[in-house]
Structure formats: structure tokens, C-alpha cells
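**Student:** Note that the protein sequences, when read in sequence, are chains A and B.
First residue of the first sequence: 2, per the working numbering; consecutive thereafter.
First residue of the second sequence: 21, per the working numbering; consecutive thereafter.
Here it is: the structure, laid out below.
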Amino acid sequence: MSLTARSGRLAVLVAWTGFLAWLVLADQVPRYLGPRTAWIVPAGAVGLAVAAVAYARWTRSAPVARRALTVTETLRLSAVLAPILVGLVMSGATLGSLAAGNKLAGRGIDLTNLAGSLGRGGKPIDFLLVRGAQEDPKLARERGIEPGRAVELTGFVYRPAGGPGRPLRLARFYITCCVADSVAIDVPVYATRDASAYRRDAWLHVSGVLASRHGELVVEGARVGRVPKPKHPYKLFAL
Amino acid sequence: MAVAEHPTGAPPVRRVPLWQVTVAFWVLVVVVLALRASGLPDSPRIATFGLVFASIAVEALPFVLLGALVSAAVAAFVPDRTFERIGRLPRALQIPGAAACAVAFPVCECGSVPVARRLIARGVHPAAGIVFMLAAPVVNPIVLGSTWVAYGGGRRGAEMVVGRAALGLVVAVTSGLAIGRRGEALLRARGDEEDHDHDSRGASFADHLASDFLFMGRFVVLGAALAALLQTVVPQGLATGLAGTPVLGTLVLIGLAFMLSLCSEADAFVAASFVAFPLHAQLAFLAFGPVLDTKLAVLYGATFRGRFVLRLLLVAVPTCLLGSLAFGVLT
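In C-alpha cells form, the structure reads like this:
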């Protein structure tokens, strides 16, 4: 018994519908997309479900329903399924030092245009606010993000290939639309323990006080503890 | 594997029996479970590639579906005589008309390709089809709104919005005129088009929708894989040394736009963070990325013939470069 081209195409539409639905139901969307574009996944799942139903209903007697599925078409349809396979394998993975080191934006992101939105509200101090306060004195004054202020940060150990092991650099990725546009923001941490004790990409929780060293806001006297990788590893540019 | 004679006498086609598909499915299930258990996702290179690849595909494919939906609606519900009338209009009217439609069509680049393909196939002048395809992802209100927000509004935001819209239209019209001016057949034939002989509009719509989505989808997936590979192996920091040079800095960001394959609705946030580069180079990034990037190059290659990608590259790069330099002088 051979499959028809119609059943092959329908299977791919259904597979993508199921994958997008799984991303929503399993809370996997934040691993791939930011808040501005997260709606695309449920909308895509609904759209594909409607397309699959319409295709199943209206093409029962179409020529495609009489044509056998060929090996060539099977391979072409399989290519469309590749991201699903990768998504299922990668469901626990996150970006780390390698991606952070490759990102151009991580070297000099302009936070001044984000300062307005950052300054409002009682958002807890995070990597973005520390780096923003370093570049924007007004934001630093408004939020009191200045030397002596106690902070707590959770992030991964950012150690670029060939980079120095000290100070420990703790980082977090921020995304706008999708992981492809993510930006790593890091803060130096002077821990009481030797920084090299913490392996690259390990997730840590750090508590200490802000200090200024060489014009850079750093966390000093930090107590460092290992933590499991968070369920939502990326922070979001709340624009 | 079953082999069958094609009724028209063409070479025999190899059919796929159901049992092989069933076995392949269960093999895939075992492979996924084995890869997850092996710790492969913890490998930095594999994780970076896989996450960037899947995220581009997950973000792009719903827009491909939207484009396929419009394309299928055009194929199934718009009568031939409408396109015959449009096709008889002089090119000088079709091109501005296409640009005006692009402003009102809120999709990113993955969605505009199937629509443009369908318009050209139905008789719209190829130059006008290309103008629509290249302008829609740059000048639609959502993209311009996100550009305004990314640049913090105010005067700088307004300059970037106006600059992006103007340069986007200039690149689209120049490319459309340069590549499609002679009205030559640009579209590559697709193997699945002989199926579209339907006795109802519903069947025609559903079949066009599925085939357009799956055709464009596989090339978007391939392009996403290439973009992810580039993001994984090429350190973008190599570019910072050239940032201060006006021409080279602009070319570097054009190259980066090609490599990153960002959605046009998101790219302004990334461009705004390239503080080492001048504003005009950031504008070139914003104008070029939605016109030609890694995933689009693959998609164009499958949609158009006649070295379309090379010709587009030869027109769009100098236009973006000169336009962005002019923007730098004016602002």
C-alpha cells in the first residue's frame, strides 16, 4: 500500500500544527521567541490547523489525492520537518558563551535608547539595568544603581574562547523577536572564591554589592552559588 | 520500494510504501530520544546552531503560511480577466501601484515571495512583481513602527523611519527595473503545478495553499540552516575593526544583514545596537537585510531563474551603499 502525495502533504501540515501547539502547551516558546513575536506560534498553530482541515476536506477528489507519494517528494517534505526534529532534540538547550562571544552586539550595545523604559516601574535590578546605569547617569540616579547598592543576579558563566578567567563574568541573553537577534549582556563579578572554579556556561546565582572599577560597574564581595538552568533562560527587552 | 510507470511515458517514479514511512517515523522517535539522552544539546556549537535554526524557522514559517494564503486566494478567487487588465497597464503605472500595495501589506520577506510569484505568474509585469516583493518587507507599517521604537522615537527615530522607507523603495524600484524591465520569463517552473486542475474553488485554494507553503517552507528551512551555521561559526566581532570606515563599515553591515537573516520586523532592534557603526551603515543593514539574506537567497534561487540572486546582489548592494552614504551626508 502506497501513500498519496496528498497524505504526505497533510502529514507535514499536521506535524507542524502539533509542533507549534506543543511549543505553546509545554511553555517552550520563550526558548525561541521574545514577547513581541511570541503570538506568532499560537497564531501559526491555529492557521496551520485550519489549513490542514481545509486541505483534508477540499482535496479528497483533487489530482494530488490520486498521485502516489514519490521518494523525491518525501525527501522534500522531510526537509520541512527538520526544524521539528531539531526543536524536539534541543528542548533543554540554551545559548551560552560560544554564542555570546560570536555576537557583535554584545560588545557595545547602546542602552541609552532603552533607558526611558528601563527607568520606569519597579523592575528588579538585572544585567540590563546595571549596564544601562553604567552608560546613563540619569538612569543610575533614578534607580539608585550606584556603588554600594546590593544586587542579586542569576546568569551563566561567560568565558569567551581564550578569554581570561578572572574576573568571573556573569551573563544573560536578552531577546527581542527571536534567538537569532539575541544580545548577551554581562557583568563582571569579583567573587570571594577563585573564578576558575566555575565552569564555562554553568548557571550561578550571585549576591554582592555594586562597585566601580575602571569605569565599569562590577559586583564585588559576591557570594556565588550554583543553580539549575532556569526554565526561561532568556530575558526580554520589554519594549 | 514500489516502482511505477508514469502514465505519460515519463521515467518511472519510485513510490513510498506506507510501511516504510511507519518505520521511518519510529526510527526518528528513537533517534530523538537517543540524541536527547546523549547530552548532544549541551554541546555549545550544536546548541547554538540548533536554537538559531529552529527559532528562525518557527518565526518565519507562519509568515510563509500567510504569504501562501494570500497567494492561494489570488490563484483561486481572483479571475484571470483582472490580471489581464493589470497586465495591459503600462509598466510606469504598475510599478508605483506595486509599491503602494507593498506599503499596505504587513508581512515580512518570507511572506512576500509567494505572493509576488503568484502575481507574476498571473500576468503582472515582472518588474512590478519584484518591486512589490522587495518593498513589502521594508515599507509596511509594522516594520516602520518597530524601526521607530528601536531608535527611541524622536528625531533620530523619524530620520531612520524616513530613511528606511525611502531607501527601501529606491532599492526595490531600482532592482525591479534592472532585473524585470524586459518582461522576460523570470519564474522557475515547479514540479507540483500540474496538480492544480480543480473542479471547485475551495479545492483550488486549499491545494495552492498547501503546495505554496510546503514549497517555500523547505527553502526557508534550508536558508535558516545556513544562517544558523554562519551565526555559529563566524565571530561577528571580526567586523568591529572596520566599523569606523564609512564605505567598509557599511559593506560590513550589509554582509552581516545577509548572514544573520533576521526578520524585518525585528532587525531594527539589532541594528540599533551596532553603536560602533555610524547611523548610515545601520540604515544600509535595515534596507538590505529584507531584500537579500541567506534564507532569501535560497528561496529566490528556487523561485526565479536567470541568476536572479546574482543580479539582485549587483543592483541592491551599490544602491544600498550609495543611498546610505547619501543619508549620512544629509543627516
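The beta-carbon is built from N, C-alpha and C at its ideal position, and this holds for glycine as well.
Every value quoted in this text rests on a predicted model; they were computed, and no experiment measured them.
Buried or exposed: which applies to B/V49, given that a residue is buried once 16 or more other Cβ atoms fall within 10 Å of its Cβ?
**Tutor:** exposed
**Student:** A/T95 touches chain B at which residues, Cβ-Cβ below 8 angstroms?
**Tutor:** Counting only Cβ-Cβ distances below 8 angstroms, A/T95 has contacts in chain B at A67, L71, in chain order.
**Student:** Establish whether the CB of B/D313 and some CB of chain A are separated by less than 7 angstroms.
**Tutor:** no
**Student:** In three-state terms, what does DSSP make of A/W204?
**Tutor:** strand
**Student:** Measure from the C-beta of B/V78 to each C-beta in chain A and report whether the shortest distance is under 7 angstroms.
**Tutor:** yes
**Student:** Please tell me whether A/R67 has its Cβ less than 7 angstroms away from any Cβ of chain B.
**Tutor:** No, A/R67 lies away from the interface with chain B (no Cβ there is under 7 angstroms from its Cβ).
**Student:** Assuming contact is defined by CB atoms lying nearer than 7 angstroms, are B/A88 and B/P126 in contact in what I supplied?
**Tutor:** no
**Student:** Quick one: list the residues of chain A neighbouring B/G237, beta-carbon separation under 9 angstroms, in chain order.
**Tutor:** V13, W17, A80, V81
**Student:** Over the uninterrupted alpha helix (DSSP H) stretch that includes A/F157, give me the two end residues.
**Tutor:** Premise fails: A/F157 lies in the beta strand (DSSP E), 151-158, not in any alpha helix (DSSP H).
**Student:** How close, in whole Å, do the beta carbons of A/A151 and A/V228 come, if the pair is a contact with beta carbons under 8 angstroms?
**Tutor:** That pair is no contact at about 18 angstroms.
**Student:** For the beta strand (DSSP E) that B/I199 lies in, which residues bound it at each end?
**Tutor:** Careful: B/I199 lies outside any beta strand (DSSP E), inside the alpha helix (DSSP H) at 174-200.
**Student:** Just how far apart, CA to CA, sit B/V253 and B/A92?
**Tutor:** 38 angstroms
**Student:** Just the Cα atoms here: how many angstroms apart are B/T339 and B/A54?
**Tutor:** 50 angstroms
**Student:** In the structure shown, what three-state DSSP assignment does B/R35 receive?
**Tutor:** Note: B/R35 maps to strand in three-state DSSP.
**Student:** Step through the CB atoms of chain A and report whether any lies within less than 7 angstroms of the CB of B/C283.
**Tutor:** So, interface residue.
**Student:** For the beta strand (DSSP E) holding A/E221, just list the boundary residues, first then last.
**Tutor:** 217-227
**Student:** Is B/A67 near the ligand HEM - that is, is its Cβ less than 6 angstroms away from at least one heavy atom of it?
**Tutor:** Annotation note on the ligand HEM: not contained in the displayed structure, which lists no ligands.
**Student:** Tell me, to the nearest whole angstrom, how far the beta carbon of B/V240 is from that of B/L81; I am working on the premise that it is less than 8 angstroms.
**Tutor:** Going by Cβ atoms, the distance from B/V240 to B/L81 rounds to 7 angstroms, so yes, they are a contact pair.
**Student:** If the criterion is Cβ atoms closer than 7 angstroms, does the pair B/G269 and B/F297 meet it?
**Tutor:** yes
**Student:** If I measure Cβ to Cβ from B/R142 and keep anything under 6 angstroms in the same chain, skipping five residues before and after, which residues do I get?
**Tutor:** F103
**Student:** State buried or exposed for A/G222, treating a residue as buried only when at least 16 other CB atoms are found within 10 Å of its CB.
**Tutor:** exposed
**Student:** Would A/G109 count as contacting chain B if we go by Cβ distances under 7 angstroms?
**Tutor:** Note that A/G109 scores 42 on pLDDT, short of 50, meaning its location in the model is unreliable; the coordinates nonetheless yield the value given after this. So, interface residue.
**Student:** Let's test the definition: count the other Cβ atoms within 10 Å of the Cβ of B/S220 and tell me whether it reaches 16, buried, or not, exposed.
**Tutor:** exposed
**Student:** Going along chain B, which residues have a C-beta under 9 angstroms from A/Y56?
**Tutor:** A226, D227, L229, A230
**Student:** Nearest chain A C-beta to B/S344 closer than 7 angstroms, yes or no?
**Tutor:** no
**Student:** Could you give the uninterrupted runs of the alpha helix (DSSP H) lying entirely in the stretch 126-176 of chain B, keeping only those of 4 residues or more?
**Tutor:** 129-141, 146-159, 161-170
**Student:** Any Cβ of chain B within less than 7 angstroms of the Cβ of A/S213?
**Tutor:** no
**Student:** In chain B, which residues lie less than 9 angstroms from A/L70 when you measure between Cβ atoms?
**Tutor:** R35, V36, V41
**Student:** Quick one: does B/A155 have its CB under 7 angstroms from some CB of chain A?
**Tutor:** Between B/A155 and chain A, the shortest Cβ-Cβ separation is not below 7 angstroms.
**Student:** List the residues of chain B whose Cβ lies closer than 7 angstroms to the Cβ of A/D127, in chain order.
**Tutor:** Neighbours of A/D127 on chain B: none; closest Cβ ~17 angstroms, over 7 angstroms.
**Student:** I want to verify the contact list: residues of chain A whose CB lies under 7 angstroms from the CB of B/S75, in sequence order.
**Tutor:** Y33, L34, C179, V180, A181
**Student:** Just the Cα atoms here: how many angstroms apart are A/A134 and A/G216?
**Tutor:** 12 angstroms
**Student:** Could you work out which residue in B/Y171, B/V190, B/A205, B/V158 is closest to B/L139 when comparing CA atoms only?
**Tutor:** Restricting attention to B/Y171, B/V190, B/A205, B/V158, the CA atom closest to the CA of B/L139 is found in B/A205.
**Student:** Give the residues of chain A in contact with B/P310, contact being defined as C-beta atoms less than 8 angstroms apart.
**Tutor:** Result: empty, since nearest Cβ-Cβ is about 13 angstroms, beyond 8 angstroms.
**Student:** Please report the distance separating the alpha-carbon of A/S62 from that of B/A226.
**Tutor:** 12 angstroms
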